[in-house]
Amino acid sequence: QVQLVESGGGLVQAGGSLRLSCAASGSIFRIKAMGWYRQAPGKQREFIARIGSPENTGYVDSVKGRFTISRDNAKNTVYLQMNSLKPEDTGVYYCNLWPVSEAYWGLGTQVTVSS
Numbered sequence: 002q003v004q005l006v007e008s009g010g011g012l013v014q015a016g017g018s019l020r021l022s023c024a025a026s027g028s029i030f031r032i033k034a035m036g037w038y039r040q041a042p043g044k045q046r047e048f049i050a051r052i053g054s055p056e057n058t059g060y061v062d063s064v065k066g067r068f069t070i071s072r073d074n075a076k077n078t079v080y081l082q083m084n085s086l087k088p089e090d091t092g093v094y095y096c097n098l099w100p101v102s103e104a105y106w107g108l109g110t111q112v113t114v115s116s
C-alpha cells in the first residue's frame, strides 16, 4: 500500500520561503505523475502544482513564478519549493498522485504565512 507523508511546513513571514517534501513508499512513485494540493481555511482543496514522469510540470496561475515542484525518484520524494510567500498561501499542503487518488491523501503539512 502506498503511503505519502508530507513535511516541511511552518510559520513564515510574507516574502519568505519554505520547501515542502513528500516521501512516498512503494514503487508506484516512479511511474506516476505527482501533485501538490492546498486547502486554505474555509475553502476546498485545490490543485497547486504537478510533475510528470518524465518531469514535465504545471502550476496553478497563482503560484507560477514563485513555486517550483521537483522530484527525486531515487529517494521516492517530491518537493515543493515555495518562494515569495504571501498570506493567501496559508493552508494545509498535501501531495497526491496527479490526477488525485482518494486513497492516497495523507495528513498534510501546515503552512502559515504572516503579513
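In terms of the working numbering, the sequence shown has 22 at position 21, counting the first letter as 1, and numbering is strictly consecutive.
Beta carbons are placed, not taken as given, at the ideal position from N, Cα and C, and that holds for glycine.
Owing to the predicted nature of the structure, the values given are computational and were not obtained by experimental measurement.
Quick one: give me the first and last residue of the beta strand (DSSP E) that residue i is part of.
i           : result
residue 75  : Premise fails: residue 75 is in no beta strand (DSSP E) and is neither H nor E.
residue 97  : 92-98
residue 67  : Counting along the chain, residue 67 falls outside any beta strand (DSSP E), and DSSP gives it neither H nor E.
residue 46  : Premise fails: residue 46 is in no beta strand (DSSP E) and is neither H nor E.
residue 25  : 19-25
residue 53  : Taken as a continuous stretch (DSSP letters only), residue 53 belongs to no beta strand (DSSP E), as it is neither H nor E.
residue 60  : 58-60
residue 103 : Element bounds for residue 103: n/a, residue is neither H nor E.
residue 3   : No beta strand (DSSP E) contains residue 3, which DSSP labels as neither H nor E.
residue 11  : 11-14
Candidates the options: which alpha carbon is nearest residue i's?
i           : options          : result
residue 11  : 100, 102, 98, 90 : 90
residue 54  : 78, 105, 42      : 78
residue 85  : 95, 115, 51      : 115
residue 93  : 75, 49, 102      : 49
residue 110 : 24, 69, 14       : 24
residue 51  : 45, 70, 82       : 70
residue 6   : 74, 102, 106     : 106
Do residue i and residue j have their CB atoms nearer than 8 Å?
i          : j          : result
residue 22 : residue 8  : yes
residue 56 : residue 72 : yes
residue 26 : residue 4  : yes
residue 80 : residue 39 : no
residue 87 : residue 41 : no
Could you tell me how far apart the beta carbons of residue i and residue j are, in whole angstroms, since I believe they sit closer than 8 Å?
i          : j          : result
residue 47 : residue 61 : 7 Å
residue 35 : residue 98 : 6 Å
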